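Chemist:
Chains as they are written, first to last, in this note's numbering: chain A, 49 to 135; chain B, 73 to 209.
1) Per the DSSP calculation, residue 54(A) is bridged to which residue(s)?
2) Can you give me, in chain order, the residues of the region 176–196 of chain B that have a beta carbon less than 9 Å from any beta carbon in chain A?
3) Look up residue 131(B) in the DSSP assignment and say whether it is helix, strand or coil.
4) Determine, using beta carbons only, whether residue 206(B) and residue 97(B) come nearer to each other than 7 Å.
5) Starting from residue 191(B), trace the alpha helix (DSSP H) both ways and give me its first and last residue.
6) Keeping to the same chain, check which residues put their C-beta closer than 6 Å to that of residue 117(A); ignore five residues upstream and five downstream.
7) Do you know whose CA, among 95(B), 176(B), 117(B), lies nearest residue 191(B)'s CA?
8) What residues from chain B crowd round residue 93(A), counting only those whose CB sits closer than 7 Å?
9) Whose C-alpha, out of 101(B), 131(B), 159(B), is nearest the C-alpha of residue 101(A)?
10) On a CA-only basis, which of 82(B), 109(B), 115(B) is nearest residue 132(B)? Give me that one, please.
11) Buried or exposed: which applies to residue 51(A), given that a residue is buried once 16 or more other Cβ atoms fall within 10 Å of its Cβ?
12) Closest to residue 134(B) by CA distance: which of 162(B), 89(B), 189(B), 176(B) is it?
13) So with Cβ pairs under 7 Å, would you call residue 113(A) a contact of chain B?
14) Could you tell me whether the Cβ atoms of residue 100(B) and residue 196(B) are closer together than 7 Å?
15) What is the rounded straight-line gap between the Cα of residue 65(A) and the Cα of residue 109(A)?
16) Run the CB neighbour count on residue 148(B), radius 10 Å, all protein chains shown included, and call it buried at 16 or more, exposed below.
17) When we look at the beta-carbon of residue 105(A) and count the other beta-carbons within 10 Å, is it buried (16 or more) or exposed?
18) Taking the beta strand (DSSP E) that residue 57(B) belongs to, which residues open and close that run?
19) I'd like the span of the alpha helix (DSSP H) that includes residue 155(B), first residue to last.
20) Would the beta-carbon of residue 208(B) fall within 7 Å of that of residue 168(B)?
21) Is residue 123(A) close to chain E, meaning its C-beta is less than 7 Å from at least one C-beta of that chain?
Here's what the structure looks like:
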């Protein structure tokens with residue numbers, strides 16, 4: 049079967065690496081359920097996705113793990129609730 | 073030919089990012105609201121998600137992570153809107169006609185490795201996708 053180039057966004061890289069993913073990107077210290085960021089954190093989600101895609105695009109050794117920190121991610125930012133309340 | 077579990081299956085890309093159509097495959101338990109929910113005690117089934125799905129038509133069935141954030145905004149684990157924005161901005165070539173949702177908690181790993189993963193890969197290979205982005209919960 050012909051393969052397809054894949055990239056993985058994982059927030060538990062120590063587990064994911066055991067499966068041998070070809071490209072793995074980890075936003076550092078994101079909590080479970082926030083693979084790309086918190087709810088309605090659009091700019092952050094976009095940034096994480098762009099960074100993951102840049103790793104997909106890079107021609108590097110199979111199985112390389114990239115990690116990046118995002119200062120804007122707090123993990124417990126509930127400002128999205130205000131967005132919903134304000135409609 | 074069966075692959076050694078020690079090797080890393082790596083397929084090099086043959087297109088530039090801006091020419092590549094991406095499919096999403098997730099183990100975060102994402103599926104259409106109209107589809108049968110996953111069996112959270114263990115489930116090797118998958119759900120096909122149409123490429124033109126609206127975020128509001130998606131939900132999460134999963135007992136092994138707190139998905140309250142994803143319940144509010146599916147893009148936390150299944151970035152369909154973010155992917156569409158990148159396609160509109162021509163950062164990527166497009167969004168695939170089909171995506172796959174999977175629950176990811178299973179006790180039947182052999183079935184996962186020998187049947188499920190290859191079948192899911194075949195489904196994606198028969199779409200217009202040039203690339204796959206995998207996400208989890």
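Glycine included, every Cβ here is placed at the ideal spot set by N, Cα and C. Since the structure is predicted, the reported quantities are computational estimates derived from the model, not experimental observations.
Modeler: Taking the definition as stated:
1) Answer is 204(B), bridged to residue 54(A).
2) Residues passing the 9 Å Cβ filter: 190, 193, 194, 196.
3) In the structure shown, residue 131(B) sits in a strand (DSSP, three-state: E or B).
4) Yes, the pair counts as a contact, with Cβ atoms nearer than the cut-off.
5) Counted as a single uninterrupted DSSP element, the alpha helix (DSSP H) harbouring residue 191(B) occupies residues 189–197.
6) The residues are 76.
7) Answer by Cα proximity: 117(B).
8) Within 7 Å Cβ-Cβ: 147, 151, 154.
9) It is 159(B) whose Cα lies nearest to the Cα of residue 101(A).
10) The candidate whose alpha carbon is nearest that of residue 132(B) is 109(B).
11) Under this definition residue 51(A) is an exposed residue.
12) Cα-wise, what sits closest to residue 134(B) is 176(B).
13) No, because no Cβ of chain B sits closer than 7 Å to the Cβ of residue 113(A).
14) With contacts defined by Cβ atoms closer than 7 Å, residue 100(B) and residue 196(B) do not form a contacting pair.
15) Roughly 14 Å between the two C-alpha positions.
16) Buried.
17) That one is buried.
18) Within the shown structure, residues of chain B are numbered from 73 to 209, placing residue 57(B) beyond reach of any answer.
19) From DSSP, the alpha helix (DSSP H) with residue 155(B) extends over 152–160.
20) No; because the gap between Cβ atoms is not below 7 Å, this pair is not in contact.
21) Although the question refers to chain E, the structure presented lacks it and instead comprises the protein chains A and B.
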